[in-house]
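**Q**
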Amino acid sequence: MSDHEEEYGFATRAVRAGQKRTAEGEQSEPIFTTSSYTFSSAAEAAARFSGELAGNIYSRFTNPTVRTFQDRLAALEGGEACVGTASGMAAILATCMALLQHGDHIVSSRAIFGTTTVLFNNYLAKYGVSTTFVSLTDMQAWASAIQPSTKLLFLETPSNPLTETADIGELAKLAHDNGCLLVVDNCFCTPALQQPLTLGADLVIHSATKFLDGQGRCVGGAVIGSEDIVGKEVFGFLRTAGPTMSPFNAWVFLKGLETLRIRMQAHCENAMILAQWLVQQPVVEKVYYPGLPSHPQHELAARQQQGYGGIVSFKLRGGKVGAWRLVDSCELVSVTANLGDTKTTITHPATTTHARLTPEQRQEARISDSLVRVSVGLEDVDDLKTDLLRGMS
Ligand SMILES: *Cc1c(COP(=O)(O)O)cnc(C)c1O
């Protein structure tokens, strides 16, 4: 952008931040599909490799399109540095690999993305990093789970699929009092609705696959934080191990960021209308949406978030049969586990995203057989109501 970058508002940064035009004067950001970069001399090559001279060497390390995406997302999250990754899972893996070692410990919310649980339990555990899972909303449980070897506190807020929310500021204080870092997976809110770094968190994780892309096209991820942690340590792991973001995907995500705020506002509006309507349906037993005054953390969400998000979950009377009937009756709404798309999606968590849990674990996580999750898209809400009503009669 220009020298005034810091002074610009969110919407301006979303459209402009990170862009450095080439000599061609292009208006839109170009896609640099090049795996390596040339040097003007052997001496320049040597200086770039030694780090004496800044500049591109190889696209596993840096790429101008990926850098534009990184700078723009960092500007939106209020972070010094951002690294793009091949997926959201690669972002979490890179963070853990860069910051943890054998003997270290993580305290994590139990209500996190299922694959993140598998990463912690099945893979990090193999390398001697252990994890204790606690209830997202139980501050006492977070405090008691911290050990001398604890390095990271990890959470998503709002949680998936029950949209529980935790106080990021309070957890950041707890983390810092115990010499730990607070890591927030900001997938559900995006920086358009919540900026964890400004609330005290140390690192923000994204699955760019979701709302940042926003149109269900590419898989990618990102980590945002300080220059020391993200710009040096997490970047150091990425350039060595290689789960970096492709330039094409970075370009798609860049275009996604440009419309992020207006899309999130529209997702929030549609989700609120749908949640209020669901509450009135006789076959709906309970609706989970932070925007409803009945939500247990409604006030926290109102204070901490600039909108209640696009995810609405609800329990149907009629158990699994009723839930599957609803899913199977959808003609418009897409039956897919993805979320954060302009197209509304519906999922039955107990038999898909949370199927790997034992029945006891599901009960503990309150993922009942009658629960469905809807990621509310940008269609006309009346059409969504008509579609859902088909399976509710
Ligand atoms: C999808 C998702 C991930 C993983 O991201 P991928 O891009 O699929 O690897 C991590 N966290 C949350 C909250 C997600 O929804």
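Going left to right, the sequence shown walks through residues 28 to 420 as the working numbering numbers them. Glycine residues also receive a C-beta, built at the ideal position from the N, C-alpha and C atoms.
Between VAL399 and ARG344, is the Cβ-Cβ spacing less than 8 angstroms?
**A** Along the sequence shown, one-based indexing puts residue 399 at 372. Along the sequence shown, one-based indexing puts residue 344 at 317. No, Cβ-Cβ distance for VAL399 and ARG344 is not below 8 angstroms.
**Q** Thinking C-beta only, is PRO185 closer than 8 angstroms to GLY336?
**A** Here residue 336 refers to the residue found at position 309 when the sequence shown is read from its first residue. Here residue 185 refers to the residue found at position 158 when the sequence shown is read from its first residue. Against a cut-off of 8 angstroms, the Cβ pair of PRO185 and GLY336 comes out as a contact.
**Q** Taking the alpha helix (DSSP H) that ASP204 belongs to, which residues open and close that run?
**A** Mapped onto the sequence shown, residue 204 falls at position 177. 195-204 is the span of the alpha helix (DSSP H), which, as asked, contains ASP204.
**Q** Return the Cβ separation of GLY404 and LEU224 in integer angstroms, given the expectation that the two are a contact with Cβ distance under 8 angstroms.
**A** Translated into positions along the sequence shown, residue 404 becomes position 377. Translated into positions along the sequence shown, residue 224 becomes position 197. Wrong, their Cβ atoms sit about 28 angstroms apart, outside the cutoff.
**Q** Can you tell me where the alpha helix (DSSP H) with THR267 in it begins and where it stops?
**A** Counted from its first residue, the sequence shown places residue 267 at position 240. Here the alpha helix (DSSP H) through THR267 covers 262-268.
**Q** Return the Cβ separation of GLU51 and THR92 in integer angstroms, given the expectation that the two are a contact with Cβ distance under 8 angstroms.
**A** Taking the sequence shown and counting its residues from 1, the one referred to as residue 51 is at position 24. Taking the sequence shown and counting its residues from 1, the one referred to as residue 92 is at position 65. Not quite, the Cβ-Cβ distance comes to about 14 angstroms (not below 8 angstroms), so this is no contact.
**Q** Please indicate yes or no: does the CB of GLY115 lie closer than 7 angstroms to some heavy atom of ligand 1?
**A** As a working note, residue 115 is residue 88 in the sequence shown. The answer is yes for GLY115.
**Q** Say the cut is 7 angstroms; is the CB of ASP414 nearer than that to a heavy atom of ligand 1?
**A** Here residue 414 refers to the residue found at position 387 of the sequence shown. No, since every heavy atom of ligand 1 falls outside the 7 angstroms radius drawn around the Cβ of ASP414.
**Q** Does the beta-carbon of ASN149 have 16 or more other beta-carbons within 10 angstroms, so that it is buried, or is it exposed?
**A** Position 122 of the sequence shown, counting from 1, holds the residue named residue 149. It counts as exposed.
**Q** Nearest to ASN393 by alpha carbon, out of GLU71, ARG48, LEU209 and ARG137?
**A** On the sequence shown, position 366 is the one that residue 393 refers to. Note that residue 393 is Arg in the sequence shown here, rather than Asn. The residue with the shortest Cα to Cα distance from ARG393 is ARG137.
**Q** Straight-line CA distance for VAL250 to GLU71?
**A** Against the sequence shown, residue 250 aligns to sequence position 223. Against the sequence shown, residue 71 aligns to sequence position 44. Using only the alpha carbons, I get a separation of about 31 angstroms.
**Q** Between GLY78, LEU327 and LEU366, which lies nearest to ARG244 when the distance is taken from Cα to Cα?
**A** Translated into the one-based positions of the sequence shown, residue 244 becomes position 217. Residue LEU366 is the option with its Cα nearest to ARG244.
**Q** Shortest alpha-carbon distance to ILE58 belongs to which of ALA69, ARG48 and ALA328?
**A** Within the sequence shown, the letter at position 31 stands for residue 58. ILE58 has its Cα closest to that of ARG48, out of ALA69, ARG48 and ALA328.
**Q** Please classify ARG99: is it buried, with 16 or more other beta-carbons within 10 angstroms of its beta-carbon, or exposed?
**A** As a first step, residue 99 must be located in the sequence shown, where it is residue number 72. The residue in question, ARG99, is buried, as its Cβ has 16 or more Cβ neighbours within 10 Å.
**Q** Comparing alpha-carbon positions, which option in ASN205, ALA193, GLU312 and SER395 lies nearest PRO323?
**A** In the sequence shown, residue 323 corresponds to position 296, counting from 1. Among ASN205, ALA193, GLU312 and SER395, the Cα nearest to that of PRO323 belongs to ALA193.
**Q** Give me the Cβ distance between LEU198 and LEU220, rounded to the nearest whole Å; I'm assuming they're in contact under 8 angstroms.
**A** For the purposes of this step, residue 198 is taken as the residue at position 171 of the sequence shown. For the purposes of this step, residue 220 is taken as the residue at position 193 of the sequence shown. With a Cβ gap of about 18 angstroms, LEU198 and LEU220 do not count as contacting.
**Q** Are PHE24 and THR158 closer than 8 angstroms when you measure CB to CB?
**A** Because the chain spans 28 through 420 in this model, residue 24 falls outside it and cannot be assessed.
**Q** Within its chain, find whatever has a CB closer than 6 angstroms to the CB of GLN242; leave out the 5 residues flanking it on each side and keep chain order.
**A** Taking the first residue of the sequence shown as position 1, residue 242 is located at position 215. Answer for GLN242: THR369, listed in chain order.
**Q** Alpha carbons only, please: which of LEU305, PRO175, THR236 and LYS347 is nearest the one belonging to LEU284?
**A** In the sequence shown, residue 284 corresponds to position 257, counting from 1. Answer by Cα proximity: THR236.
**Q** Am I right that PRO270 and ALA113 are in contact with their C-beta atoms under 8 angstroms? What's the rounded C-beta distance?
**A** In the sequence shown, counting from the first residue as 1, residue 270 sits at position 243. In the sequence shown, counting from the first residue as 1, residue 113 sits at position 86. Indeed, because the Cβ distance is near 4 angstroms, the residues count as touching under 8 angstroms.
**Q** Decide if PRO222 is buried, meaning its Cβ has at least 16 other Cβ atoms within 10 Å, or exposed.
**A** Here residue 222 corresponds to residue number 195 of the sequence shown, with the count starting at 1. Before going on, a small fix: residue 222 reads as Gln here, not Pro. GLN222 is buried by the Cβ-count criterion.
**Q** Pull up the distance between the alpha-carbon of GLY318 and that of SER176, whole angstroms please.
**A** Taking the first residue of the sequence shown as 1, we reach residue 318 at position 291. Taking the first residue of the sequence shown as 1, we reach residue 176 at position 149. Looking at the two C-alpha atoms, the distance is approximately 38 angstroms.
**Q** Under the three-state reduction of DSSP, which class applies to THR144: helix, strand or coil?
**A** In the sequence shown, counting from the first residue as 1, residue 144 sits at position 117. Note: THR144 maps to helix in three-state DSSP.
**Q** If you reduce the DSSP assignment to three classes, tell me which class SER402 lands in.
**A** Indexing the sequence shown from 1 puts residue 402 at position 375. Residue state, collapsed to three classes: strand.
**Q** Examine ligand 1 and report whether any of its heavy atoms sits within less than 7 angstroms of the Cβ of ASP368.
**A** Locating residue 368 in the sequence shown gives position 341, where the first residue counts as 1. No - ligand 1 has no heavy atom lying nearer than 7 angstroms to the Cβ of ASP368.
**Q** With respect to the alpha helix (DSSP H) encompassing ALA108, which residues constitute its N-terminal and C-terminal limits?
**A** For the purposes of this step, residue 108 is identified with residue 81 of the sequence shown, where counting begins at 1. First-last for ALA108: 108-112, but that is the beta strand (DSSP E), not the alpha helix (DSSP H).
**Q** Helix, strand or coil, according to DSSP, for GLY248 in the structure here?
**A** Residue mapping note: residue 248 aligns to position 221 of the sequence shown, counting from 1. Reduced to three states, the DSSP call for GLY248 is strand.
**Q** Quick check on the DSSP output: the alpha helix (DSSP H) that includes ILE119 runs from which residue to which?
**A** On the sequence shown, position 92 is the one that residue 119 refers to. First-last of the alpha helix (DSSP H) with ILE119: 115-126.
**Q** Using the Cα positions of HIS129 and LYS153, report the straight-line distance between them to the nearest angstrom.
**A** As a position in the sequence shown, residue 129 is number 102, starting the count at 1. As a position in the sequence shown, residue 153 is number 126, starting the count at 1. Distance between the alpha carbons of HIS129 and LYS153 is about 9 angstroms.
**Q** Could you give the uninterrupted runs of the alpha helix (DSSP H) lying entirely in the stretch 336-372, keeping only those of 4 residues or more?
**A** Correct list: 346-356.
**Q** From this set, VAL339, LEU201, ASP240 and ALA377, which residue's C-alpha is nearest TRP304's C-alpha?
**A** As a position in the sequence shown, residue 304 is number 277, starting the count at 1. With distances taken between Cα atoms, TRP304 lies closest to VAL339.
**Q** Taking the beta carbon of ARG290 as the centre, do at least 16 other beta carbons fall within 10 Å, making it buried, or is it exposed?
**A** Counting from one through the sequence shown, the residue named residue 290 turns up at place 263. Buried, by the Cβ-count rule.
**Q** Would PHE160 and SER135 be called neighbours here (beta carbons separated by less than 8 angstroms)?
**A** Taking the sequence shown and counting its residues from 1, the one referred to as residue 160 is at position 133. Taking the sequence shown and counting its residues from 1, the one referred to as residue 135 is at position 108. Contact flag set, yes.
**Q** Any idea if VAL362 is buried or exposed, counting beta-carbon neighbours within 10 angstroms, 16 or more meaning buried?
**A** Translated into positions along the sequence shown, residue 362 becomes position 335. Classification of VAL362: exposed, given that the 10 Å Cβ count is below 16.
**Q** What separation, rounded to the nearest whole angstrom, lies between the Cα atoms of LEU127 and LEU209?
**A** For this step, residue 127 is matched to residue 100 along the sequence shown. For this step, residue 209 is matched to residue 182 along the sequence shown. Going by the C-alpha atoms only, they are around 13 angstroms apart.
**Q** Report the option in TYR85, LEU103, THR60 and GLN332 whose CA atom is closest to the CA atom of GLU34.
**A** For this step, residue 34 is matched to residue 7 along the sequence shown. Cα-wise, what sits closest to GLU34 is LEU103.
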